Amino acid sequence: MEFPPFIFPESEPGAHGQNAQPIVLSTRIRLARNLAGCPFPAKARALQRRQIQKRCFDALATLPRMRDGHFLAMDSIDNLNRTLLVERHLISKELASAKTGAVAISHDQTCSVMVNEEDHLRIQVMRGGFQLLRAWRTATHVDTALERTLAMAYTGRLGYLTACPTNVGTGLRASAMLHLPGLVFDGEMQRVIRAVNQDGLVVRGWHGEGSESTGCIFQVSNQHTLGSPEQAILEHLVFWLRHIIEHEQHARYRLLRQNAPRLVDRIMRSYGTLTLAHLLKTGEAMDALSCMRLACDLGMLPLETRALVDRLTLRCQPAHIQAIVKEKLNPAERTFIRARLFREAFANTPPPDLAFARKLFSPSPAPERSLRRRRRNKPNPTPNPPETDAPQPEI
Amino acid sequence: MSKEIPCDSCGQPATVHLTKITDNKVTKVHFCEKCAAKNGVGMDALLPMAEALSAMAEPVSESDAEPPGKSVTCPRCGLTLGEFHKGHRLGCAACYSAFGQELGALLRKIQPGRAHCGKKPSGATLRIATHENLEDVRKNLRAAVEAERYEDAARLRDRIRQLEQELSLITGGEA
Ligand SMILES: [Zn+2]
Ligand SMILES: [Zn+2]
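Chain order of the listed sequences is R and A.
Using my numbering, count along the first sequence one by one with no gaps and you end on 427.
Using my numbering, count along the second sequence one by one with no gaps and you end on 283.
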């Protein structure tokens, strides 16, 4: 079995060479664009699609960012490799299953441009941590560069025209991948989802529309694309992301103060699972990894474990497991191999250190009653969440 | 404090406010936490994108539906309005003007703004966009003159002058 070289360089979309941050795993910008004068991909004939692909690839090949990049037609790679790209969020499930269309991926895998998906061009830029505006600057730069030679479908009134009216206008979908175990354990997640829904944002699971969230990972993105400038759309999202981050910190603090045994038990069991289990399904692995990430954030594990967790979150997925051992595996074989890989990966990771957590909640345990009363008066009773390196968006 | 909205079901103060699109009508529903759970307002019901898309599946209204034999079709790509309602996807840029009326109604529901006010293209796109825009406005001017809407016509004439100027700036005077 052949694997293109882009899978193995340690360029997991989570980190991209930067230190992994708590709560915000990664941020992403997507711009939908169509070439002027050509029917959208679904209505284009095979020959037209090939011409469109050629024009787009030719324009992309001139960009410095795409130097040494990978230019792949979907019908030139096999099913497993397509799934691998989906698991890395470099292409969509739709592009992978349609088997027509193509993708250009920058060498460092921070930028991927899908060609002939739902729209002629889907420019995507991914960044580790809370770097929405930086990702936006890169994406708009790529867009402007392409526009120098490619005329896009655009009208003064409706902006950039897209195959689906939910993208018309800016064509912008900005999103952040958030790790929210505190809100999930606390049963607060539904409330948060409802609140952001009412203000024009959408919450999805790890793998996009309709997908279940695994490992307490959620994707939050803007819903509307017409009527606000990009800057306002981004600022609106950043406002809510900050709010959710704050809620998550409070939820974690509350759990530590009020339900430490339950929290510690989950973390220790997860450590046990990852270091001792001999059969591991994807979902179980994701949940255990989520607890390890939380343990890093709480200072119970060395900080470098966070980057390890992020890499394994990516690599515990079915196609990645098969790419790593370089053979096709059925689901039962995968659970076995997955468990082995995790035991090896965590062999040098010490058990979560409870001293830190103990210090946090033992000195003067406030009596239950007074704590509850305070909580009723103020919805957020925690002025100092335990986070030391909380994510700071660069604005 | 502003007045509280009561729960649609039990009258307690509502905390869950949803915008639903059913039968192509936008309705607001308000529930208290308990009734929301009882009515199955869970994750699924809260995917606004899915709602917006299902709203597209329905024609704008019965009376607006085209009489048989004269269905709306995009002259450029051949997509019919029926196909759009089924697949929720447009076939080409010209579909936006071919289905202008239906799309306008839809966009008002799924998008908060009527008009784009974000990034403006430069380079190749701008040249073409301005040119196409100019054609559109010229067509509207002819229609306005024929219908003797002279105020509109005057406004459109000014707009054409402005666009012609823009175009000559972009193309270097060969408009
Ligand atoms: Zn009620
Ligand atoms: Zn069309």
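Every residue gets a Cβ at the ideal spot worked out from N, C-alpha and C, and that includes glycine.
Only a predicted model underlies this, so the values are computations on that prediction, with no experimental measurement involved.
Using beta-carbon distances, Arg189(R) counts as an interface residue toward chain A, with a partner under 8 Å. Secondary-structure assignment with DSSP links Ala206(R) through a beta bridge to Ile61(R). C-alpha of Gly247(R) to C-alpha of Glu243(A): approximately 54 Å in a straight line.
When the beta-carbon positions are compared, Ile123(R) and Leu63(R) stay at least 8 Å from each other.
A Cβ-Cβ separation of about 5 Å places Arg159(R) in contact with Thr59(R) under the 8 Å criterion. Assignment of beta-bridge partners to Thr188(A) by DSSP yields Thr181(A). Judged by DSSP in its simplified three-state form, Ile123(R) adopts coil rather than helix or strand. Taking CB atoms only, Pro261(R) has a neighbour in chain A less than 8 Å away. Inclusion of Ala201(A) and Asn199(R) in the CB contact set at 8 Å is not warranted, their separation being larger than that value. Here the distance from the Cβ of Leu211(A) to the nearest heavy atom of ligand 2 is not below 7 Å. Apart from sequence neighbours up to five positions away, no residue of its chain approaches Gly259(R) with a beta-carbon distance below 6 Å.
Distance from the CA of Leu117(R) to the CA of Ile276(R), rounded to the nearest whole angstrom, comes to 29 Å. Contacts with chain A at 8 Å (Cβ-Cβ) do not include Thr367(R).
Taking non-hydrogen atoms of ligand 2 into account, the C-beta of Gly208(A) is found less than 7 Å away from none of them. Chain order gives the chain A residues near His256(R) as Ile218, Gln219, Pro220 and Gly221, where near means a beta carbon separation below 9 Å.
Between the alpha carbons of Met146(R) and Gln163(R) lies a distance of about 22 Å. When C-beta atoms of the stretch 322-329 of chain R are compared with those of the stretch 201-220 of chain R, three or more pairs fall below 8 Å, so the two segments count as touching. Note that the stretch 132-139 of chain R touches the stretch 95-103 of chain R; at least 3 beta-carbon pairs, one per stretch, sit closer than 8 Å. Chain order gives the chain R residues near Asn241(A) as Thr187, Gly188 and Arg189, where near means a beta carbon separation below 9 Å. Here the C-alpha atom of Leu215(A) lies approximately 13 Å from the C-alpha atom of Gln255(R). Comparing C-alpha distances from Arg189(R) to each of Arg269(A), Gly208(A) and Glu256(A) shows the shortest one belongs to Gly208(A). One thing to note: Ser144(R) has its Cβ no nearer than 8 Å to the Cβ of Ser207(R).
For the stretch 65-83 of chain R, the set of positions with a beta-carbon nearer than 8 Å to some beta-carbon of chain A reads Asn66, Ala68, Gly69, Cys70, Pro71, Phe72, Ala74 and Lys75 in chain order.
The three-state secondary structure of Ser144(R), taken from DSSP, is strand.
Gly186(A) is classed as exposed because its beta carbon has fewer than 16 other beta carbons within 10 Å across all chains shown.
Chain-order list of chain R residues neighbouring His196(A): Cys196, by C-beta distance under 7 Å. Around the CB of Asp297(R), fewer than 16 other CB atoms lie within 10 Å, so the residue is classed as exposed. In this structure, Thr307(R) keeps its C-beta atom at 8 Å or more from the C-beta atom of Thr337(R). Check the Cα spacing between Leu312(R) and each of Arg366(R), Leu287(R), Val270(R) and Ser138(R): the tightest is with Arg366(R). For the options Glu376(R), Pro384(R), Thr115(R) and Ala283(R), the alpha carbon positioned closest to that of Leu335(R) is the one of Pro384(R). Not a single CB atom of chain R sits nearer than 8 Å to the CB of Ala252(A). Within chain A, the residues whose beta carbon sits less than 8 Å from that of Thr176(R) are Ser230 and Gly231, listed in sequence order. Using beta-carbon distances, Thr172(R) counts as an interface residue toward chain A, with a partner under 8 Å. Residue side-chain check: Leu67(R) keeps its Cβ at 7 Å or more from all non-hydrogen atoms of ligand 2.
Secondary structure note for Leu306(R): it is in no beta strand (DSSP E), and the uninterrupted alpha helix (DSSP H) holding it is Glu262 to Leu308.
Leu153(R): member of the beta strand (DSSP E) spanning Leu153 to Gly160, first to last residue.
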